[in-house]
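Residue numbers (the working numbering): 75 to 394.
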């Protein structure tokens, strides 16, 4: 009888303790899993914003690069982590693409969406010694060299999807190209520098320094308007290729993470995006746009994003 009387009290006390723990969040370092190697756009952007978010969280956000398995090694690590707010995922559209490719059996719904942060405009890129100097020349170059032109990509990731969409928009038969897989952006950069491949999809965070020193040639901008930081590079649409493409980066937590924790994280990262220096670097240095969508707004965005990717991927052979 005594046990029955005490049970509700103990349960209430437990809830109070849990509530206080959440109210005190965070009380230690937060691990931010980045499912790519160092140096790529995802790595650079999340490190930049997280450094500022630390000031509002009162604890360190420790980026951990966890590349491999088409960016799913990192996402699986977070999916299976304790939902306590101390292990997060910084990722993008590749979560849905991995499921579409059959690499994993989960998508955005396996996580708690914290907030969308940025959208980065993508570009087709060649090494400086390549004869192709604009995106509109790629189709003719492939036609003249069928089966020999090498396009790099991370299997089932954003750039894989980019190239398949580009081939369709530019009238290129996928049977005439060679898609070469790499584990992360850093290795793609090295391969293009070594001229082991002809083309890669990069953006300003991952390739801006190589545009400046002349190592890489940006061939077009997959956006309705030219980028302020690359004013002389025409859009793909200006070159007759009807295509826009960006990478939408956001923060995710394990399923079941308390709402109070999600709100604390979203608030801190939202404040980080208000910093003038952070915004300037995102927009001017990294060819990206700030787009802050927390909570339910991000959930709605992800549902629309996955529906669009699913429709566009119906005829994509991700195993090519």
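Ideal placement from N, C-alpha and C gives every residue a C-beta, glycine not left out.
Euclidean distance between Cα positions of residue i and residue j
{"i": "residue 290", "j": "residue 272", "result": "11 angstroms"}
{"i": "residue 229", "j": "residue 179", "result": "16 angstroms"}
{"i": "residue 168", "j": "residue 368", "result": "19 angstroms"}
{"i": "residue 197", "j": "residue 296", "result": "6 angstroms"}
{"i": "residue 282", "j": "residue 370", "result": "34 angstroms"}
{"i": "residue 239", "j": "residue 388", "result": "11 angstroms"}
{"i": "residue 126", "j": "residue 284", "result": "26 angstroms"}
{"i": "residue 251", "j": "residue 150", "result": "32 angstroms"}
{"i": "residue 123", "j": "residue 130", "result": "11 angstroms"}
{"i": "residue 312", "j": "residue 318", "result": "11 angstroms"}
{"i": "residue 401", "j": "residue 170", "result": "With the chain covering only 75 through 394, there is no way to say anything about residue 401."}
{"i": "residue 257", "j": "residue 226", "result": "10 angstroms"}
{"i": "residue 159", "j": "residue 189", "result": "14 angstroms"}
{"i": "residue 340", "j": "residue 248", "result": "41 angstroms"}
{"i": "residue 101", "j": "residue 140", "result": "24 angstroms"}
{"i": "residue 304", "j": "residue 224", "result": "25 angstroms"}
{"i": "residue 352", "j": "residue 376", "result": "24 angstroms"}
{"i": "residue 222", "j": "residue 174", "result": "28 angstroms"}
{"i": "residue 43", "j": "residue 113", "result": "Any question about residue 43 goes unanswered here, given that the chain covers just 75 to 394."}
{"i": "residue 207", "j": "residue 386", "result": "28 angstroms"}
{"i": "residue 103", "j": "residue 333", "result": "19 angstroms"}
{"i": "residue 211", "j": "residue 255", "result": "23 angstroms"}
{"i": "residue 199", "j": "residue 97", "result": "47 angstroms"}
{"i": "residue 373", "j": "residue 166", "result": "13 angstroms"}
{"i": "residue 264", "j": "residue 270", "result": "9 angstroms"}
Status (buried if at least 16 other CB within 10 Å, exposed otherwise) for residue i
{"i": "residue 262", "result": "buried"}
{"i": "residue 186", "result": "buried"}
{"i": "residue 219", "result": "exposed"}
{"i": "residue 148", "result": "buried"}
{"i": "residue 203", "result": "exposed"}
{"i": "residue 354", "result": "exposed"}
{"i": "residue 176", "result": "exposed"}
{"i": "residue 117", "result": "buried"}
{"i": "residue 314", "result": "exposed"}
{"i": "residue 213", "result": "buried"}
{"i": "residue 268", "result": "exposed"}
{"i": "residue 382", "result": "exposed"}
{"i": "residue 342", "result": "buried"}
{"i": "residue 378", "result": "exposed"}
Opposing strand residues paired with residue i [DSSP bridges]
{"i": "residue 137", "result": "106"}
{"i": "residue 362", "result": "194"}
{"i": "residue 186", "result": "327"}
{"i": "residue 200", "result": "273, 291"}
{"i": "residue 113", "result": "DSSP lists no partner for residue 113."}
{"i": "residue 223", "result": "251"}
{"i": "residue 162", "result": "106"}
{"i": "residue 321", "result": "194"}
{"i": "residue 309", "result": "295"}
Beta-carbon contacts of residue i that lie in its chain and below 6 angstroms, excluding the five residues immediately before and after
{"i": "residue 366", "result": "344, 347"}
{"i": "residue 155", "result": "161, 328"}
{"i": "residue 360", "result": "278, 279"}
{"i": "residue 316", "result": "243"}
{"i": "residue 307", "result": "292, 295"}
{"i": "residue 137", "result": "106, 108, 121"}
{"i": "residue 234", "result": "227"}
{"i": "residue 246", "result": "213, 216"}
{"i": "residue 90", "result": "Confidence is the limiting factor: at residue 90 the pLDDT is only 45, short of 50, which leaves the residue's position unreliable, though a coordinate-based value still follows. Excluding sequence neighbours, residue 90 sits near nothing in its chain."}
{"i": "residue 390", "result": "238"}
Whether residue i touches residue j by CB criterion (8 angstroms)
{"i": "residue 253", "j": "residue 201", "result": "no"}
{"i": "residue 236", "j": "residue 275", "result": "yes"}
{"i": "residue 277", "j": "residue 115", "result": "yes"}
{"i": "residue 195", "j": "residue 293", "result": "no"}
{"i": "residue 259", "j": "residue 111", "result": "yes"}
{"i": "residue 336", "j": "residue 209", "result": "no"}
{"i": "residue 99", "j": "residue 338", "result": "yes"}
{"i": "residue 231", "j": "residue 144", "result": "yes"}
{"i": "residue 325", "j": "residue 132", "result": "no"}
{"i": "residue 172", "j": "residue 146", "result": "yes"}
{"i": "residue 331", "j": "residue 157", "result": "yes"}
Nonlocal neighbours in the same chain, by C-beta distance under 7 angstroms from residue i, ignoring five residues either side
{"i": "residue 192", "result": "119, 323, 356, 362, 363, 364, 365"}
{"i": "residue 184", "result": "153, 329"}
{"i": "residue 128", "result": "134, 135"}
{"i": "residue 349", "result": "126"}
{"i": "residue 16", "result": "In this structure the chain extends from 75 to 394, so residue 16 is not present and cannot be described."}
Residues near residue i by beta carbon distance below 8 angstroms, same chain, minus five either side
{"i": "residue 76", "result": "Confidence in residue 76 is poor, its pLDDT being 45 and thus under 50, which makes the residue's placement unreliable; the coordinate value appears in the next sentence. If we look at residue 76 and ignore the five residues flanking it on each side, it has no Cβ neighbours."}
{"i": "residue 298", "result": "309, 311, 318"}
8 angstroms Cβ cutoff, residue i in contact with chain D
{"i": "residue 166", "result": "Going by chain labels, chain D is absent from the structure shown, which holds only one protein chain."}
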